[in-house]
Structures are given as C-alpha cells and as structure tokens.
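*Asks:* One structure follows; several queries about it will come next.
In the numbering used here, the protein residues as written are 11 to 632.
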C-alpha cells in the first residue's frame with residue numbers, strides 16, 4: 011500500500027492516486043460475500059459477470075498498466091546482527107518515481123502496530139536530537155538514492171525492527187512493509203581459521219584467518235601468535251551489511267614447525283575479543299636418527315649385539331635403512347626394522363649407521379656408531395732381542411688388546427715369568443701404552459742360554475711370541491773400516507761424474523748450437539741489457555739456470571707462450587708443437603731465474619714474450 015505519511019491521528023492515510031495494476035478493490039455484495047472487481051476497468055451492471063474468454067485480455071492489460079507506471083522501491087536486508095558496543099550500518103537504497111523530486115527527507119521508524127516511533131530524520135537539527143538519536147548518522151547522498159544509516163555504539167536496546175520513509179516535493183512513500191530486524195549479540199562472531207591439513211617441509215603454504223563484522227568504518231584487528239611471519243590483511247564487503255576481514259599468512263614450513271601451536275585473535279575497538287587455535291602438521295623426511303646398543307655388558311669379538319634406531323619423522327617412519335663401513339654398504343639380513351642383530355663381530359667392521367624411511371623418502375643418516383669390542387691380546391710382529399757389546403741382552407715387545415694387556419717375559423731356565431715392570435740388579439723391565447699398543451722393554455745383565463718369550467694377557471686370553479735374537483752389532487774399528495770403504499766408493503763415483511760433465515761441456519763449447527742437446531737462451535729487457543747462458547748442456551726436463559748481468563731486481567720473466575714454434579734453429583725442423591715452461595725469479599744478490607722444459611719435442615722452438623727464445627735440436631739418427 012502506498013501512503014502519503016502519518017496522519018494527524020497517527021494512522022496511515024489512503025493514497026488518493028489512481029490504483030495500479032495488481033492492487034485490488036473489494037466490496038461486499040448483497041449476499042454478504044466478497045467479490046473481485048476490476049481495478050482498471052469499471053463494472054457494467056448490464057454485462058453481469060465477465061466472460062471467461064475476456065479474463066486473459068484483462069490480465070494482460072493489468073500487467074501492462076503495472077509495468078508502464080514506475081513506482082517507489084527500496085532495498086534493505088530483512089535481518090542483521092550487530093555486536094554490542096560496536097557499530098552497525100543498516101544498508102539502504104531506494105528508487106523514486108519521476109514525479110518525486112529531490113531534495114529527499116530520509117526518516118527511519120521503529121516498526122509498531124500503533125504509533126510511529128521516529129529514530130532518525132535527516133532534516134532534524136543536531137541540537138534538537140536526543141542522545142539516542144545522536145548515535146545515528148545518515149551515510150551517502152539521498153539524491154543518489156542512498157538511505158543507509160550508521161549506528162554507533164550499538165546497545166542491547168537497539169534490537170528492533172526498522173523501516174524507512176522517503177519524503178520529497180513530488181510525493182512520499184513509507185516502506186513499512188520492508189522492515190529490517192536488528193539483533194544485538196553479546197559475544198563476537200567466531201573466527202574462521204583455515205590451515206591446510208597437511209603441510210610439507212619447504213613447500214610454501216597459506217594460513218587464513220577471517221571474521222565477519224558490521225562496522226566498516228572501525229573494523230576489528232586480527233593478529234597471529236606462534237609464527238613470526240608478517241600477514242597480509244584485506245577488507246571487503248559481503249552482502250546485506252556484512253563485511254569480512256581476512257588475514258593471510260605465507261609460511262614455508264620446516265620440520266621444527268610440526269606440532270607448533272598457532273593462534274589467531276580478533277580484537278574489536280570496544281575491547282571484546284575472540285580467538286581460535288590449532289597445531290600445525292608438517293610432513294618432513296626422517297631426521298635426527300640415532301643408533302643405540304640394546305642391552306648392557308661388554309661386547310666381545312666373535313659375539314653378537316642388537317642395535318636399535320630411532321628418529322624424528324612425520325608421518326612416522328615406516329622402515330629403516332642399515333649400513334656399515336666407510337662405503338656405507340648394506341648390512342646383510344638387516345631388513346627394514348628399527349632393530350638389527352649382528353653376529354660374529356669383528357674388529358675391522360663398522361662403524362654402523364641407520365636412517366629412517368617414510369612416504370617422502372629416506373631421511374638423514376645417523377652419526378656413526380663404533381663398537382668397543384673386547385678381544386684377547388695380539389702380539390706385534392716387530393719384537394726382538396739384540397745382544398749388547400758388554401755381554402748383556404736388550405729385548406723389545408709390543409701387543410694390542412682390549413682391555414689393554416699386561417706383558418710378561420719368559421726366560422729360559424727361570425720358573426716364574428718376569429713382570430712387565432720389574433727392576434733388580436740383574437735385569438729391569440718397563441712397559442708403557444703408546445698409540446693403542448702396550449710396548450715393553452727388557453734389559454738383562456747377561457744373555458740367557460736360549461730365546462726370550464714375550465707374553466701378553468688380559469681377561470679374554472693370552473698370546474706368546476718367541477723373540478728372535480739379532481746378531482751383535484759391529485765394533486768401533488769395524489764401523490770405521492766400513493765407513494772408509496763407503497767414502498772411497500763415493501769419491502770415485504763423483505770423479506767419474508765430473509769427468510763426464512767436463513767432457514760434455516767441452517764438446518758443447520766446440521759445437522755450439524749444433525750439439526744434440528745444446529740450448530741457447532737470451533732475453534732482452536726494456537733497457538737493452540742481456541742475460542744469457544749459451545750453450546748449456548742440458549736435457550729435456552732439466553733445470554736451466556740464468557743470471558742477470560747486473561745486481562738488483564729486473565723485469566719479470568713471463569710464462570712461456572703456448573702455440574706452434576717457427577723454425578727450429580739452423581736445422582730447419584719445421585713447425586712442431588711445444589709444451590709450456592714457467593719462469594720464476596729469486597732475489598739472491600743477483601736475480602736467478604729458472605725454467606723446466608716439460609716434454610718438449612726435439613726440434614721445437616718456444617718463444618717467451620717477444621725476445622726470449624730457446625730451441626731443442628733434433629738428435630742425430632743412428
């Protein structure tokens with residue numbers, strides 16, 4: 011029904027304008043029954059009831075009449091929830107017919123069956139508003155069809171049904187049949203915390219926290235706890251006066267984030283808050299693997315041991331990989347269980363490793379586990395006895411074992427062994443541990459009639475070794491004779507070498523560069539001084555020494571250039587590949603430089619820089 015506004019009595023007045031299609035007029039007949047009359051076409055009493063074939067024509071005419079006459083229209087939600095002490099916007103927009111002209115007066119009322127309690131009037135003076143009315147504010151421009159109303163703060167007494175009335179110079183309309191029911195909540199809306207069910211180590215993921223509210227001008231804030239990353243916050247309208255605040259957190263999870271608690275909290279300007287929390291679930295390869303020995307007691311060589319492997323893993327490890335030794339070879343028969351039993355233990359095996367396996371693959375390897383195997387003593391093969399010039403005897407013996415063995419000396423004709431540490435006027439014995447072995451020394455004033463035996467023993471057994479007797483070392487005169495003979499032999503050898511060198515040098519002086527192994531070297535520095543040693547009887551791969559003609563530092567010698575040589579001296583060996591030689595200088599009063607010729611083909615020519623040349627002529631054919 012279209013109304014002009016509240017009458018003086020507070021009751022709505024009928025619209026005097028022509029009825030539009032779709033409205034109906036009702037009258038009571040003589041029989042007391044209600045009968046329908048056409049709203050756009052008057053009844054002809056002579057015609058009686060309309061014929062059925064005319065009903066379709068009348069219906070079409072009624073629709074055309076309704077569509078051709080623009081009318082008032084308003085859009086607002088039927089219900090809305092607001093948080094106590096927050097704010098709320100009652101969204102409203104309207105469309106007016108052509109005869110209604112701006113300016114518009116927007117008036118909001120509480121819906122009542124009797125009376126019209128006014129909540130807000132856009133033309134009211136601020137000084138004339140009550141405290142309750144001052145909490146309301148019109149948003150937007152009525153000339154643009156906007157009639158939204160903001161309420162702040164929201165009180166429990168504001169829970170009610172509201173409708174809007176539009177007044178203009180060309181007409182007015184009350185939309186009391188379009189009401190908005192406002193509900194006031196005491197507690198905030200629950201958060202929506204979304205975390206992927208399963209995260210994967212190293213794979214970026216997005217965590218989302220969102221909340222809906224009704225106060226876009228003063229929204230709540232969202233904060234994360236448990237993670238240090240910065241969040242990206244967005245704010246967008248939804249529908250029917252609702253807004254959504256979303257906080258997105260980008261995370262690259264690690265294994266340490268598994269089971270980490272994460273919390274999102276919303277805080278409203280009024281001080282009210284709400285939160286939600288969850289624990290992260292991060293999949294990662296097994297890590298922190300550790301091998302331990304099950305059981306207690308010493309381990310012995312040839313015995314057995316059970317090893318147990320543990321690790322951190324999500325999802326839990328479904329198997330284990332066992333390896334041993336520096337090359338990480340698989341342990342035979344180990345399987346993929348978390349325990350493995352090793353039999354026939356040997357000292358030269360191990361260390362032992364394990365690694366967990368889950369659906370992502372094989373995880374980190376454990377630290378090596380070395381077994382401390384106990385075994386009976388093993389005597390080292392270097393033990394011996396040597397006679398001394400004064401008639402005494404010196405013996406040495408060594409042994410390894412776990413635990414460390416003790417040494418004993420068994421002497422021919424002596425019933426009881428001599429301890430490893432012993433001392434009297436006729437003999438002395440001493441032992442010590444060095445580099446994991448027990449070493450012993452025995453000194454006797456007089457040599458026994460037979461061989462001495464060394465014995466090593468610990469709680470796992472004993473071992474014995476009869477020590478060989480070394481011959482008596484030569485006397486002083488014999489040593490002098492041997493030294494004289496050796497010196498004379500060395501002298502003869504040196505004389506022969508010197509003669510060969512002199513002969514070759516004389517030959518090279520005679521033949522110059524035509525010597526089969528002749529080598530000429532020359533270098534000119536920037537001021538024209540020369541250094542040379544030519545020829546030099548050296549062979550390929552030998553060291554060639556060169557001396558400056560003046561003291562003090564000179565220009566550095568460069569690296570020999572790689573490439574193909576030109577002519578090979580006067581022999582015309584043609585172009586041959588050559589190797590690379592390096593020059594080095596030392597300050598020893600006058601500078602000395604050397605070069606080693608590495609595998610130069612005979613007849614090749616090498617250039618150093620632009621002025622240093624050396625060549626190796628071909629050897630003559632036999």
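We put the beta carbon where it would ideally sit given N, CA and C, even for glycine.
Roughly how many whole angstroms lie between the Cα atoms of residue 170 and residue 257?
*Replies:* 33 angstroms
*Asks:* Can you tell me whether residue 84 is buried or exposed, with buried defined as 16 or more other CB within 10 angstroms of its CB?
*Replies:* It counts as buried.
*Asks:* Note the first and the last residue of the continuous alpha helix (DSSP H) segment covering residue 141.
*Replies:* 141-144
*Asks:* Starting from the C-beta of residue 283, find all residues in its chain whose C-beta is less than 8 angstroms away, skip the five residues before and the five after it, and write them out in chain order.
*Replies:* If you ignore the 5 residues before and after residue 283, its C-beta comes within less than 8 angstroms of the C-beta of 198, 275, 276 and 277, all in its own chain and listed in chain order.
*Asks:* Can you give the Cα-Cα distance for residue 355 and residue 382, rounded to whole angstroms?
*Replies:* 11 angstroms
*Asks:* Would you say the segment 377-391 touches the segment 299-315, given that touching needs at least three Cβ pairs under 8 angstroms?
*Replies:* A contact exists between the segment 377-391 and the segment 299-315.
*Asks:* With a threshold of 16 other CB atoms inside 10 Å of the CB of residue 587, please say whether the residue is buried or exposed.
*Replies:* Low local confidence applies: a pLDDT of 34 at residue 587 is under 50, so the model's placement there is unreliable, with the coordinate-based value given in what follows. The residue is exposed, with fewer than 16 neighbouring Cβ atoms inside 10 Å.
*Asks:* Compute the Euclidean distance between the alpha carbons of residue 213 and residue 263, then round it to the nearest angstrom.
*Replies:* 7 angstroms
*Asks:* Taking the beta strand (DSSP E) that residue 91 belongs to, which residues open and close that run?
*Replies:* Start and end: 89-93.
*Asks:* Quick check: the segment 352-367 against the segment 436-447, are at least 3 beta-carbon pairs closer than 8 angstroms?
*Replies:* no
*Asks:* Ordered along the chain, which non-local residues of its own chain (more than five positions away) have a Cβ less than 7 angstroms from that of residue 252?
*Replies:* 222 and 224
*Asks:* Assuming residue 426 is part of the beta strand (DSSP E), what are its boundary residues?
*Replies:* Run containing residue 426: none; DSSP gives neither H nor E here.
*Asks:* Helix, strand or coil, according to DSSP, for residue 181 in the structure here?
*Replies:* DSSP, read as helix, strand or coil, puts residue 181 in strand.
*Asks:* Can you name, in chain order, every residue of its own chain whose Cβ lies under 8 angstroms from the Cβ of residue 209, other than the five neighbours on each side?
*Replies:* 215, 261, 263, 267, 290, 291, 292 and 293
*Asks:* Restricting to runs no shorter than 3 residues, where is the beta strand (DSSP E) found entirely within the segment 240-311?
*Replies:* 241-247, 253-261, 271-277, 283-289 and 292-304
*Asks:* For residue 398, does the three-state DSSP call read helix, strand or coil?
*Replies:* coil
*Asks:* Quick one: what's got a C-beta closer than 7 angstroms to residue 150's C-beta in the same chain, skipping five residues either side?
*Replies:* 156 and 158
*Asks:* Kindly indicate which three-state DSSP category residue 153 falls into: helix, strand or coil?
*Replies:* Helix.
*Asks:* Classify residue 179 as buried or exposed, calling it buried when 16 or more other Cβ atoms lie within 10 Å of its own Cβ.
*Replies:* exposed
*Asks:* Return yes when the C-beta of residue 109 is under 7 angstroms from any heavy atom of the ligand NAP, and no when it is not.
*Replies:* This structure lacks the ligand NAP, and indeed carries no ligand of any kind.
*Asks:* Throw me the rounded Cβ distance for the residue 641 and residue 161 pair, which I believe falls under 8 angstroms.
*Replies:* The question about residue 641 has no answer here: the residues shown for the chain are numbered 11 through 632.
*Asks:* If I follow the unbroken beta strand (DSSP E) through residue 103, where does it start and stop?
*Replies:* 103-105
*Asks:* Quick one: measure Cβ to Cβ for residue 371 and residue 321, integer angstroms, because I've assumed they're closer than 8 angstroms.
*Replies:* About 13 angstroms separates the two Cβ atoms, so there is no contact after all.
*Asks:* Are the beta-carbon atoms belonging to residue 473 and residue 390 less than 8 angstroms from one another?
*Replies:* No. Outside cutoff.
*Asks:* So, at 7 angstroms on beta carbons, what are the nonlocal neighbours of residue 166 in its own chain, with the 5 sequence-adjacent residues on each side left out?
*Replies:* Closer than 7 angstroms at Cβ, skipping near neighbours: 94 and 194.
*Asks:* Could you tell me which residues DSSP puts in a beta bridge with residue 411?
*Replies:* Its beta-bridge partners do not exist; DSSP assigns none.
*Asks:* Where residue 448 and residue 346 are concerned, what is the direct C-alpha to C-alpha distance, given to the nearest angstrom?
*Replies:* 41 angstroms
*Asks:* Secondary structure at residue 170, three-state DSSP: helix, strand or coil?
*Replies:* Here residue 170 sits in strand by DSSP.
*Asks:* Out of curiosity, what's the CA-to-CA distance linking residue 242 and residue 250?
*Replies:* 25 angstroms
*Asks:* Does the segment 402-415 come close enough to the segment 326-334 to have 3 or more Cβ pairs within less than 8 angstroms?
*Replies:* no
*Asks:* What does the Cβ neighbour count give for residue 187, buried or exposed, with the cut at 16 atoms within 10 Å?
*Replies:* When all chains shown are included, residue 187 counts as exposed.
*Asks:* If distances are taken between C-alpha atoms only, which option among 441, 510 and 412 comes closest to residue 470?
*Replies:* 412
*Asks:* Please go through the same chain and pick out, in chain order, the residues whose beta-carbon is closer than 8 angstroms to the beta-carbon of residue 121, but skip the five residues on each side of it.
*Replies:* 170, 171, 172, 173, 186 and 189
*Asks:* Would residue 409 be called buried (16 or more neighbouring beta carbons within 10 Å of its own) or exposed?
*Replies:* Around the beta-carbon of residue 409, 16 or more other beta-carbon atoms lie within 10 Å, marking it buried.
*Asks:* Within this structure, are the beta carbons of residue 460 and residue 422 separated by less than 8 angstroms?
*Replies:* yes
*Asks:* What does a CB cutoff of less than 6 angstroms around residue 244 pick up in its chain, not counting 5 residues either side in sequence?
*Replies:* Within the same chain, and ignoring the five residues on either side of residue 244 in sequence, the residues whose Cβ sits closer than 6 angstroms to its Cβ are 256.
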